[in-house]
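Residue numbers (UniProt numbering): 1 to 191. For reference, the structure is listed below as structure tokens.
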């Protein structure tokens, strides 16, 4: 029973308010559909929709759009915020102020990323220093081994040097001559 009364009330209100379609309003105002929809979205007008989802404009809505049209014709495009009184609470002002909490959060993120990058760079540098240290230790041990080998060779030559002098004395003795073997062909033919 209550629902039926509510439904009847809505029907009565709709009959009192004559609802117009988008096409009717554009013809009435002499503007394009796109311009009309831009004004509706720009000034955040709350319009009713029919069962198909199309906008329905009441006489009040049409009057407010006429005011928008008149003010648009008489003002410069840089001043759209003078239309605050068209529909209370429906016009959204664009603010250029930065939310300090968001700014602080972003700033903290940047600081954290910079700290991480510095830590990574420090880690890379310390790793490279360790690598260089290992290479230097390997080179140092190789140099020490080479020095020891050189010392051993020098000491060995000093010991062998007197023995060579003694061999030079005996060099005057001629070494026995090796006999040449004849190759197979010369032995057959008797050369």
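Even glycine gets a Cβ: it sits at the ideal position worked out from N, Cα and C. This one's a predicted model, so the numbers in the text were calculated from it and none came from an experiment.
From the listed residues 38, 29, 34, the smallest Cα separation to residue 70 is found for 29. Residue 27 counts as exposed, since fewer than 16 other C-beta atoms from the protein chains shown sit within 10 angstroms of its C-beta. When the five nearest sequence neighbours on each side are left out, the beta carbons in the same chain lying within less than 7 Å of the beta carbon of residue 47 are those of 40, 55, 56, 57, 61, in order along the chain. Considering only 100, 42, 52, 102, the residue with the shortest C-alpha distance to residue 21 is 52.
Burial state of residue 106 is exposed, judged by a 10 Å Cβ sphere holding fewer than 16 other Cβ atoms. Selection 32, 25, 42 evaluated against residue 63 yields 25 as nearest (Cα-Cα). Within the same chain, Cβ atoms closer than 7 Å to the Cβ of residue 50 are found at 56, the five residues on either side in sequence being excluded. Close CB contacts of residue 33 within its chain, under the 8 Å cut and outside five residues either way in sequence, are with 22, 23, 26 (chain order). Membership of residue 31 in any alpha helix (DSSP H) is not indicated, and neither H nor E is assigned to it by DSSP.
DSSP places residue 70 inside the alpha helix (DSSP H), whose first and last residues are 59-74.
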